[in-house]
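Residue numbers (the numbering used here): 95 to 292. First comes the structure, then the notes that go with it.
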């Protein structure tokens, strides 16, 4: 039986809010679409870097940020569709393996931004196995909000690169739209790190 249909699922907004609340100092990179809506809905922060476009770009951005800020926990929150689009970035992440990077994939088994067509993760692709195949040993799947505390503890302790597939309900909560001004988001984020705008 397919994991996507036989496993309980978690409410995406509840999970994201719980995870961020458990790591208030983390630098958050959110993938385009629903992942950014979920992150913004949990409370806007100057340490949130929202991506509005660049599908597949959340993980590469998170990797660069983790390498540049090794003393800070960096969390990429994205969806299964975007992760599938940028799957090759896991290869570089698996080689570099920054101890402060976590990738959290909100997986509803659908391409939510293009009409809810079924994604590869509901058609047989095992994202955890893919991550492990790329060299990310600490890769696992969860389907309950209670996992937030355990995941946050590992991220805050910077115990190694982490990949978490979160099985979520295939619903569409009301959109909570973060700022759309890219330079504003970038410069606010840089200021939070004590860096000058450019």
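Here a beta-carbon is modelled for each residue, glycine too, at the ideal position from N, C-alpha and C.
Separation of residue j from residue i, as counted between CA atoms
{"i": "residue 239", "j": "residue 199", "result": "14 Å"}
{"i": "residue 289", "j": "residue 151", "result": "22 Å"}
{"i": "residue 286", "j": "residue 227", "result": "35 Å"}
{"i": "residue 170", "j": "residue 272", "result": "16 Å"}
{"i": "residue 192", "j": "residue 258", "result": "15 Å"}
{"i": "residue 113", "j": "residue 219", "result": "25 Å"}
{"i": "residue 188", "j": "residue 229", "result": "4 Å"}
{"i": "residue 125", "j": "residue 291", "result": "22 Å"}
{"i": "residue 243", "j": "residue 168", "result": "16 Å"}
{"i": "residue 95", "j": "residue 140", "result": "Interpretation of residue 95 is limited by its pLDDT of 34, a score under 50 that renders its predicted location unreliable; no figure is taken from the coordinates."}
{"i": "residue 147", "j": "residue 185", "result": "22 Å"}
{"i": "residue 197", "j": "residue 181", "result": "12 Å"}
Cβ neighbour criterion (16 or more within 10 Å) applied to residue i
{"i": "residue 144", "result": "buried"}
{"i": "residue 157", "result": "buried"}
{"i": "residue 231", "result": "exposed"}
{"i": "residue 201", "result": "buried"}
{"i": "residue 38", "result": "Beyond the ends of the chain as shown, which are 95 and 292, falls residue 38; an answer cannot be given."}
{"i": "residue 103", "result": "buried"}
{"i": "residue 177", "result": "buried"}
{"i": "residue 278", "result": "exposed"}
{"i": "residue 195", "result": "buried"}
{"i": "residue 175", "result": "buried"}
{"i": "residue 225", "result": "buried"}
{"i": "residue 107", "result": "buried"}
Beta-carbon proximity list for residue i, same chain, < 8 Å, skipping 5 on both sides
{"i": "residue 234", "result": "222, 257, 258, 259"}
{"i": "residue 105", "result": "239, 262, 263"}
{"i": "residue 179", "result": "149, 150"}
{"i": "residue 237", "result": "101, 102, 103, 104, 260, 261"}
Residues of its chain near residue i, where Cβ-Cβ distance is below 6 Å and the 5 sequence neighbours each way are ignored
{"i": "residue 283", "result": "143"}
{"i": "residue 155", "result": "123"}
Contacts around residue i, its chain only, beta-carbon distance under 7 Å, and the 5 residues preceding and following it disregarded
{"i": "residue 110", "result": "132, 133, 136, 171"}
Would you say the segment 256-272 touches the segment 127-142, given that touching needs at least three Cβ pairs under 8 Å?
-> Verdict: yes, contact present.
Continuous beta strand (DSSP E) assignments of at least 3 residues falling wholly in the segment 158-207 = 168-173, 195-201
Whole alpha helix (DSSP H) elements within the segment 115-141, 4-residue minimum | 128-135
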